[in-house]
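Comments concern the structure below.
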Amino acid sequence: MDYGLRPLGRERLWLWGLLFPTLIGLAFGTIGSLLATLLLSFFSWDLIAPPRWAGLANYIALVENDAYLKAFTNTITFTALYVPGVVIFSLLVAVLLNRKIRGVSLFRTVYFLPTVTSAVATALVWNMFYGKDTGLLNFTLESLGLAPVCWLCRENAMMSVVIVNVWGAIGEGMIIFLAGLTAIPREYYEAATVDGASNLQQFFKITLPLITPSIFFQTLISAINAFQAYDYIYMLTRRGQGDSTVPVAVFSIYRNAFNFFKMGAASAQAIQLALLVALFMGLLFIFERRYVVYE
Amino acid sequence: MKTKLFTLILVACLLLAACGGAATSPAPASATQAPTQPGAGAAPAVEINYMMFGAPEELEVWQKVVDDFHAANPNIKVKVDVSDWDSYWTKLNTLVAGGNPPDAFAMDAPLFLDWQSRGALLNLKPYIDQTPGFLDGFYPQTLKAYELPDGYYGLPRDFQTIVVFYNKEMFDAAGVPYPSPDWTYDDLRQIAKKMTLDKDGDGKIDQYGFYADLWDMELFWSEAIWAFGGEIVSTDHTKTLIGEPNARKAWELIDSMLKDGSIPSPATAGEYGEDLFQSKVAAMAPIGHWAVPGYVGAGIKMGVAPMPVGPSGRATSVNSAGFVVSKDSKNPEAAWEFIKFALSEAGQKRLAELGFALPVLQAVANSPSYLQQSGELDQKLFLDALEYAHMKPVFRGYEEWASVVGDGLAPVWDGAAELNPTLDEVVPQADEILAQNQ
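Residue numbers (the numbering used here), protein chains in the order written: chain W, 5 to 299; chain L, 14 to 451.
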């Protein structure tokens, strides 16, 4: 089946004409800086003096750098918690909001709001929720007679950060899933109802298989976002001297490049992160071949 | 299949975007511009950029300095750009890496060598030599940070000494006498404990005796280590000495104050915003003059006491902000003229009235411009502190060293790790940074 519209004659000219600015940006901005990063990762450069050839030294140093290994481990842990969180919760919200209920667009807007709100500003508000002695969450817990939790202390910080990130991503995931859900023909459900299938059966036998493309897409997007996650995490866990209780890979890249003047080491870290993302994507595509159903 | 192809392309784009984030063009700063110096007098107007870190209020005062300067030097135009501390360094790095540095910019003394050793700064010696006696009026302690065997690659603009601020209302309410000028670290410990209160009896501390920012050594721990007879790093910058026996005594004092709650842990402190003394949650805080305008604005009735006396005497930290000129500046002469003006008595008087810092010129520091500021503080105490002040350490790799120490000790401050084993772990890591920067 081929749903695509093919450009005809003069349209082809317009097509390339309109794509041109984007392609230029992609070629020089994105691909250019990608190549520059790759090149820099073999040099030692402090931003001021001319770069010096360093061979593989930057890559070898990665293995010995405790701070980087910690950041790298944190990124993996974060991804492992964040991706299922986003997929499950945004699917749940999408299913709940894919019905004819009063004020559905209001609810959809409310869930989408975090996506279009400044992460820095919302993270500051979350800071107020999470405060140990003065926070809203602990105030609520204590008035219910429960013990307060130190949300942003070392032992809980990862979980608290994942919660905020998932919360911030639900809106985007919800849109993807709503699009997938509305594309499922009504007749399937009607037929299933006639045959006496329960709501739960309908969800697992009809809805879930038919939105596997959306689930796949959302998993990809969430994983890429997870590997790059930085803004909420930094705002919630930043400390003096540019430290963070949950340092992640992007944080480490930034800090090495712009606080410690080690562009080479930072580039090597960026390349390693990119390779990891690529590897993960490869794995996902293998899964896709087996489990994703395209109608 | 179309959907799949689309997904593939989309993913490829996002992937590329993922990797592009940290990339910066490697084009090195081409330093080939011929220094076209304006002939004195008849030259057309030149424009120079001066970039600095600071609060927005500081821009206003600097604008006054610039206006005075323009009146005296009609053919030089100065553009001042003020950013907050964090964005300042990011912006500066980007401009310098892009080969487009500001002509003159502000420097923090501990970071000075990091910049100087990369060859980013201009030696000011030839200019200083044109004005004999130019450095005579400076406090010598403030010049030392910028002095190298072959000259000065920067000059101090203003300086800071650390003293202990105390909230008079809190002391009066608790019936505790104010810290006396000859107090010791034992006294500090006692008083801090007495001033740590759970006023509403809910089992939580709601007034802390002593708020000390432990991230930056300048505010408390370097002073304590010196007063207990320890050192921070060796004079040749090869060994970290914060784990030596005398320094450990200072760390133990800090640790015990954190444990009994008289110093809030960094996590607790974070909840109250940046400064617990300003938010009236802490009764005492060691800090510099830069905090005064904020405290006055918050309506705090306060007094100041010198840093306490330790087993090896009294010690405080002196640090300065300075002027440096970019090596690639096209108008170093004009930049120098501006610096010379800002460091003259007229310029320094303006800055003294600002109230953020101490003037580097002794004549101005001892004049009413500095001594008679609003607030009822003993302004002379900040100057007298120079007698027992140590210079905040200046060495290459300072920032990375400080973060290894700060990140390493943070679990101790949070009460999640033991002091001594942590110090044993942190010191070799810090030494490694020093070794990388030899």
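Where is the CB? At the ideal position from N, CA and C, for every residue including glycine.
What first and last residue would you give for the beta strand (DSSP E) that runs through residue i?
i               : result
V407 of chain L : Neither: V407 of chain L is in no beta strand (DSSP E) and is coded neither H nor E.
M239 of chain W : Not the beta strand (DSSP E): M239 of chain W falls in the alpha helix (DSSP H), residues D235 to T241.
F223 of chain L : Y221 to F223
E191 of chain W : Not the beta strand (DSSP E): E191 of chain W falls in the alpha helix (DSSP H), residues R190 to V198.
N180 of chain L : V176 to N180
K92 of chain L  : I89 to S96
Y166 of chain L : Taken as a continuous stretch (DSSP letters only), Y166 of chain L belongs to no beta strand (DSSP E), as it is neither H nor E.
M315 of chain L : M315 to A318
Can you tell me the Cβ-Cβ gap for residue i and residue j, rounded? I've got them flagged as a contact below 8 Å.
i               : j               : result
M320 of chain L : V177 of chain L : 6 Å
A311 of chain L : Q173 of chain L : Incorrect: roughly 19 Å between the Cβ atoms, too far for contact.
F241 of chain L : P324 of chain L : 6 Å
A123 of chain W : Y236 of chain W : 5 Å
F151 of chain L : P169 of chain L : 7 Å
F181 of chain W : E292 of chain W : The Cβ separation is near 17 Å, so there is no contact.
S226 of chain W : V87 of chain W  : 5 Å
E438 of chain L : G421 of chain L : 7 Å
I188 of chain W : L212 of chain W : About 10 Å; that fails the 8 Å criterion.
E227 of chain L : W426 of chain L : Checking the sequence, you will find Leu at residue 227 of chain L rather than Glu. Yes, L227 of chain L and W426 of chain L are in contact; Cβ-Cβ is about 6 Å, under 8 Å.
How would you list, in chain order, the residues of chain W whose beta-carbon sits under 8 Å from the beta-carbon of residue i?
i               : result
T4 of chain L   : The question about residue 4 of chain L has no answer here: the residues shown for chain L are numbered 14 through 451.
G132 of chain L : I52 and A53
T103 of chain L : F262
Kindly indicate if chain L contains any beta-carbon less than 8 Å away from that of residue i.
i               : result
L185 of chain W : no
T138 of chain W : yes
F284 of chain W : no
R294 of chain W : no
F262 of chain W : yes
G4 of chain W   : Lying outside 5 to 299, the shown extent of chain W, residue 4 of chain W is not represented and no answer is given.
R10 of chain W  : no
Would residue i be called buried (16 or more neighbouring beta carbons within 10 Å of its own) or exposed?
i               : result
M132 of chain W : exposed
T144 of chain W : exposed
W414 of chain L : buried
N379 of chain L : exposed
Q385 of chain L : exposed
W349 of chain L : buried
G184 of chain W : buried
Y72 of chain W  : buried
N113 of chain L : exposed
F24 of chain W  : exposed
M208 of chain L : buried
W239 of chain L : buried
L110 of chain W : exposed
W128 of chain L : buried
K393 of chain L : exposed
E3 of chain L   : This structure cannot speak to residue 3 of chain L, because chain L is shown only from 14 to 451.
G198 of chain L : The identity of residue 198 of chain L in the sequence shown is Tyr, whereas the question assumes Gly. Classification for Y198 of chain L: buried.
K136 of chain W : buried
I'd like to know if residue i contacts chain W, where contact means its C-beta is closer than 8 Å to some C-beta of that chain.
i               : result
N259 of chain L : no
T37 of chain L  : Reliability fails at T37 of chain L, whose pLDDT of 38 lies under 50, so the model's placement of it is uncertain and the value that follows must be treated cautiously. True, the Cβ-Cβ gap to chain W drops below 8 Å.
T209 of chain L : no
K405 of chain L : no
E60 of chain L  : no
E284 of chain L : yes
G274 of chain L : no
Starting from residue i, find everything on chain L with Cβ-Cβ shorter than 7 Å and list it in chain order.
i               : result
F200 of chain W : As written in the sequence, residue 200 of chain W is Gly, which differs from the Phe given in the question. In chain order: nothing, as chain L lies at least about 33 Å away.
G149 of chain W : Residues of chain L passing the Cβ test: none, with the nearest at roughly 14 Å.
L51 of chain W  : N106, V109 and A110
Kindly list, in the order they appear in chain W, the residues whose Cβ is closer than 7 Å to that of residue i.
i               : result
E413 of chain L : F264
K217 of chain L : D137
Taking Cβ-Cβ distances shorter than 7 Å, what residues in chain B pair up with residue i?
i               : result
E389 of chain L : Absent from the structure: chain B. Protein chains present are W and L.
For residue i, report the span of its alpha helix (DSSP H) as first-last.
i               : result
K340 of chain L : That residue, K340 of chain L, is in no alpha helix (DSSP H); it is neither H nor E in DSSP.
Y86 of chain W  : D70 to L100
L126 of chain L : F125 to Q129
P279 of chain L : P279 to E284
E292 of chain W : M267 to Y295
So residue i contacts chain L; which residues on that side make the cut at Cβ distance below 9 Å?
i               : result
D317 of chain W : An answer regarding residue 317 of chain W cannot be provided, because it is not within the stretch 5 to 299 covered by chain W.
R56 of chain W  : None at all; the shortest Cβ gap to chain L is about 11 Å.
What residues of chain L sit near residue i, judged by a beta carbon separation below 8 Å?
i               : result
G177 of chain W : Simply none; closest approach about 15 Å.
Mind listing the chain W neighbours of residue i? Cutoff is C-beta to C-beta under 9 Å, in chain order.
i               : result
D427 of chain L : C157, R158 and T249
A280 of chain L : K136, C154, L156, C157, R158, R243 and T249
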